[in-house]
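Protein chains in written order, with my numbering: chain A, 4 to 307; chain B, 32 to 299.
Positions of the beta carbon are idealized from the N, C-alpha and C atoms, including for glycine.
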């Protein structure tokens with residue numbers, strides 16, 4: 004969309020009219036949506052930041068004074084550190100796992116022929132459209148209950164000697180989130196693969212390169228931007244995931260988003276919940292913006 | 032292009048098994064004849080699908096989700112059309128910032144949006160209302176609607192509009208009779224993608240929905256938090272079934288990868 008030519012008008016009269024239109028219309032056209040976003044997105048976010056500096060007590064609720072009490076509480080309390088570190092740890096694991104397993108799958112999908120390519124693309128990307136609650140429920144069924152299908156399968160295959168605890172553990176969260184977010188990684192690498200000229204592989208092969216060195220030296224460098232872009236998306240979504248950690252982690256094992264939910268809807272300490280939300284938001288934006296800048300500078304020529 | 036080797040096929044098989052396992056398990060458990068969670072062994076039963084009707088909260092939540100998705104997606108598209116025309120055809124100061132703002136619901140965690148909306152709606156007296164849900168969902172699905180609207184506007188041949196203008200058509204006539212009809216496929220796919228995202232949204236909605244305005248995913252989530260039983264499996268299986276049908280239709284019409292990546296329709 005960036006290289007779309009701006010209106011080119013044929014006659015002089017129309018050109019004049021068009022240039023007049025150029026000045027005023029874009030703002031008129033985008034105005035309604037812009038107002039909507041200023042009012043409905045930016046002002047509530049600003050209110051949340053303010054809320055995090057308000058006081059609260061059990062009997063009077065939110066007290067509209069300025070205090071850094073909630074911030075100090077989160078910064079000093081070990082419980083909050085533990086939850087925030089867990090959030091980060093889970094997000095990093097999920098990002099690594101989706102990249103490690105999703106990128107090869109995208110490559111294999113790309114080498115398939117019709118109609119398999121289309122069918123399996125639908126199978127792999129389709130879960131993205133299925134309710135997260137339904138997908139997580141599937142993992143809860145596989146992990147727990149009387150069946151514990153995953154453990155039985157792993158024991159049977161001899162992969163493990165002892166059953167692993169999945170339900171209410173970080174391991175379970177990581178497995179389920181990897182499944183939930185995998186389509187984003189495959190999609191991102193798939194998009195990068197569509198820009199790769201298959202002739203580069205053929206050229207390397209005709210020059211005598213083996214399939215491993217083609218993969219490592221021709222394909223991998225070309226899809227790396229796709230893997231990195233996918234990693235940013237997956238990391239952001241994993242760090243802020245809510246339904247999956249809530250269902251798999253249960254009421255005890257909290258991550259940042261489920262902690263914020265608890266403060267808001269169970270403890271009713273909104274200012275403290277707002278602090279957790281603001282920390283999550285600021286950390287994610289910083290990480291996304293910095294990584295994006297790094298990726299774009301490094302791979303500017305690959306992206307456009 | 033060379034074929035995948037046997038090792039690649041094996042990897043692919045395992046990957047697909049991993050992808051489908053939890054989804055299939057939900058669907059299989061939903062057909063159990065037992066009163067507890069179990070895999071149906073010798074016989075299959077529809078009793079848990081019939082049981083949904085006896086649990087009106089799920090039925091009401093389903094209609095709530097349907098109305099909310101349809102309405103908020105339609106309104107999002109209505110906001111998108113002029114915005115897409117403005118952004119796609121003009122270069123103006125603040126354009127990049129504006130685009131970033133329009134995309135922001137993808138970047139801002141939905142938990143944070145849920146908290147912000149809860150606070151905001153409580154302050155302006157819309158807490159727990161359907162209006163509040165619609166407004167918040169318009170914003171959440173806006174980037175998806177915009178993505179497809181934008182790609183169909185960008186793919187438009189400007190000379191068709193120039194031809195209409197040179198034949199004396201005014202701006203509004205051109206918009207109504209040339210531009211809008213040509214981008215309708217993009218608008219419909221934008222609406223569909225927006226609808227699916229609204230229908231699946233749980234994280235933000237769980238903060239602002241009250242028992243009277245709960246959407247289906249929210250009801251399912253709250254139910255699963257309390258207990259996991261065959262009933263919620265059958266509800267999930269029904270949702271999965273409907274989604275799969277919608278997915279196949281969308282894939283036939285537009286191509287799922289182009290839809291998700293936002294490159295407009297297959298025929299572009």
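Exercise. Can we say the stretch 251–266 of chain B touches the stretch 90–106 of chain A, given the rule of at least three CB pairs closer than 8 angstroms?
Worked result: no
For this session: For residue 238 (chain B), I'd like the list of residues in its chain whose CB is within less than 7 angstroms of its CB, leaving aside the five on either flank, ordered along the chain.
Result: 145, 146, 148 and 149
For this session: Anything in the stretch 270–282 of chain B with a Cβ closer than 9 angstroms to a Cβ of chain A? List those residues in chain order, please.
Result: 270, 271, 274, 275, 277, 278, 279, 281 and 282
For this session: For residue 256 (chain B), return the contacting residues in chain A, with the cut-off set at a CB-CB distance below 9 angstroms.
Result: 249, 250, 253 and 254
For this session: With a 10 Å radius around its C-beta and 16 neighbouring C-beta atoms as the bar for buried, classify residue 211 (chain A) as buried or exposed.
Result: exposed
Exercise. What residues in its chain sit with their C-beta under 6 angstroms from that of residue 179 (chain A), if we drop five residues either side in the sequence?
Worked result: 139, 142, 247 and 251
Exercise. Three or more C-beta pairs closer than 8 angstroms, one from the stretch 58–76 of chain A and one from the stretch 155–162 of chain A: is that the case here?
Worked result: no
Problem set entry | Proximal residues to residue 108 (chain A) (C-beta, below 7 angstroms), its chain only, five neighbours per side dropped | 127 and 189
Exercise. With a Cβ-Cβ cutoff of 7 angstroms, do residue 264 (chain B) and residue 52 (chain B) count as a contact?
Worked result: no
Problem set entry | CB contact check: residue 244 (chain B) to chain A, cutoff 7 angstroms | no
Exercise. From the beta carbon of residue 133 (chain A), is the nearest beta carbon of chain B less than 7 angstroms away?
Worked result: yes
For this session: Please list the partners that residue 35 (chain B) has in chain A, where partner means a Cβ-to-Cβ separation under 8 angstroms.
Result: 111, 114 and 115
Problem set entry | Helix, strand or coil at residue 227 (chain B) [DSSP, three-state] | helix
Problem set entry | chain B contacts from the stretch 48–69 of chain A (Cβ-Cβ distance under 8 angstroms) | 48, 50, 51 and 54
For this session: Kindly provide the ranges of any beta strand (DSSP E) runs that are 3 or more residues long and lie completely inside the stretch 22–67 of chain A, ordered along the chain.
Result: 58–60 and 64–66
Exercise. Cβ of residue 294 (chain A) within 7 angstroms of Cβ of residue 235 (chain A)?
Worked result: yes
For this session: Can you pull the chain A residues whose beta carbon is under 8 angstroms from the beta carbon of residue 301 (chain B), in chain order?
Result: In the structure as shown, chain B begins at 32 and stops at 299. Residue 301 (chain B) is therefore absent and cannot be evaluated.
For this session: Using a cut-off of 7 angstroms between C-beta atoms, extract the partners of residue 82 (chain B) located in chain A.
Result: Near residue 82 (chain B) there are no residues of chain A at all, since even the closest Cβ is about 16 angstroms away, more than 7 angstroms.
For this session: Using 10 angstroms around the beta-carbon of residue 149 (chain A), count the other beta-carbons present and answer buried if the total reaches 16, otherwise exposed.
Result: No answer about residue 149 (chain A) holds up, because its pLDDT of 49 lies below 50 and its placement is not dependable.
Problem set entry | Cβ pair count under 8 angstroms reaching 3, the stretch 238–249 of chain B against the stretch 216–224 of chain B | no
Problem set entry | chain B contact residues for residue 28 (chain A), given Cβ-Cβ distances below 8 angstroms | 117 and 121
For this session: Thinking residue 270 (chain B) and residue 247 (chain B) are a contact (beta carbons under 8 angstroms), I'd like their distance in whole angstroms, please.
Result: 7 angstroms
For this session: Could you tell me if residue 122 (chain A) is buried or exposed, where buried requires 16 or more neighbouring beta carbons within 10 angstroms of its beta carbon?
Result: exposed
Exercise. Within the 7 angstroms Cβ cut-off, does residue 260 (chain A) reach chain B?
Worked result: yes
Exercise. Using the C-alpha atoms, what's the distance from residue 259 (chain B) back to residue 188 (chain B)?
Worked result: 54 angstroms
Exercise. Between which two residues does the alpha helix (DSSP H) containing residue 244 (chain B) stretch?
Worked result: No alpha helix (DSSP H) holds residue 244 (chain B); DSSP gives it neither H nor E.
Exercise. Just to confirm, are residue 237 (chain A) and residue 184 (chain A) a CB contact at a threshold of 7 angstroms?
Worked result: yes
Exercise. Hey, would you say residue 79 (chain B) sits closer than 7 angstroms to residue 261 (chain B), going by beta carbons?
Worked result: yes
Exercise. Is the shortest distance between the beta-carbon of residue 50 (chain B) and the beta-carbons of chain A less than 7 angstroms?
Worked result: yes
For this session: Measure from the C-beta of residue 130 (chain B) to each C-beta in chain A and report whether the shortest distance is under 7 angstroms.
Result: no
Problem set entry | Contacts that residue 91 (chain A) makes with chain B (C-beta to C-beta distance below 8 angstroms) | What residue 91 (chain A) touches in chain B: nothing, since even the nearest Cβ is about 14 angstroms away.
Exercise. Can residue 263 (chain A) and residue 280 (chain A) be called in contact, C-beta distance under 7 angstroms?
Worked result: yes
Exercise. Which residue spans inside the stretch 122–151 of chain A form an unbroken beta strand (DSSP E) run of at least 3?
Worked result: none
Exercise. Taking Cβ positions only, does residue 60 (chain B) come closer than 7 angstroms to chain A?
Worked result: yes
Problem set entry | Partner residues on chain A for residue 172 (chain B), Cβ-Cβ distance less than 9 angstroms | In chain order: nothing, as chain A lies at least about 12 angstroms away.
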